[in-house]
Amino acid sequence: MVDGEEMASRQLSAGVPQGSNLSPILFLFYNAPLLEALNMPDTPISPIGFADDINLLTYSVSLDVNYINLELAHEKCLDWARTHGMRFAPDKYKLTHFTRRRGLELTRPIQLGGVNIRPSSSITVLGLRLDSDLRWKT
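Quick note: the sequence shown uses my numbering, first residue 20, plus one each step.
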């Protein structure tokens, strides 16, 4: 109803075209609460958002602590998703460990969203291939 006039129902399509100049601005408004929720001063987590991708960097001297931090951050992501009618795709999650330290057990998977994620020796972030020992050889 507009100005007292009732109109017939219509199907509305909504969205922003791929590559639109408006996309980055809308991303900032929409995902800002997620990035803010992931910004936990007492937990070494660095959230980085690129359009519809979120990258989480955690760091410590212990793989166990890193996994706990990732699990905490993942729960915050799921809370945000529930309140925004969104879903994450755990089958697309990637994991790598950046270290030159030898003798660490870097093959242990982490379980997030019901999916076992095995670490890989390299990942691609925004088209840049990063190898886990930071030698830039990939």
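Ideal Cβ placement from N, Cα and C applies to all residues, glycine included. Note that the coordinates shown come from a computational prediction; the quantities given were computed from them, not determined experimentally.
- Nearest in C-alpha terms to THR62, of all of GLU90, ARG101 and GLU24, is GLU90.
- Collapsing the DSSP output to three states places PHE46 in a helix.
- Here VAL134 has PRO109, ASP110 and TYR112 as same chain residues with Cβ atoms under 8 angstroms from its own Cβ, once five neighbours each way along the sequence are excluded.
- For VAL144, the uninterrupted beta strand (DSSP E) segment begins and ends at 141-144.
- By the neighbour-count criterion, in which 16 or more other beta carbons inside 10 Å mark a residue as buried, HIS93 falls on the buried side.
- Of the candidates TYR86, PHE107 and LYS95, the residue whose Cα lies closest to the Cα of GLU124 is TYR86.
- Per the C-alpha coordinates, the member of ARG137, ARG120 and CYS96 positioned closest to LEU114 is ARG137.
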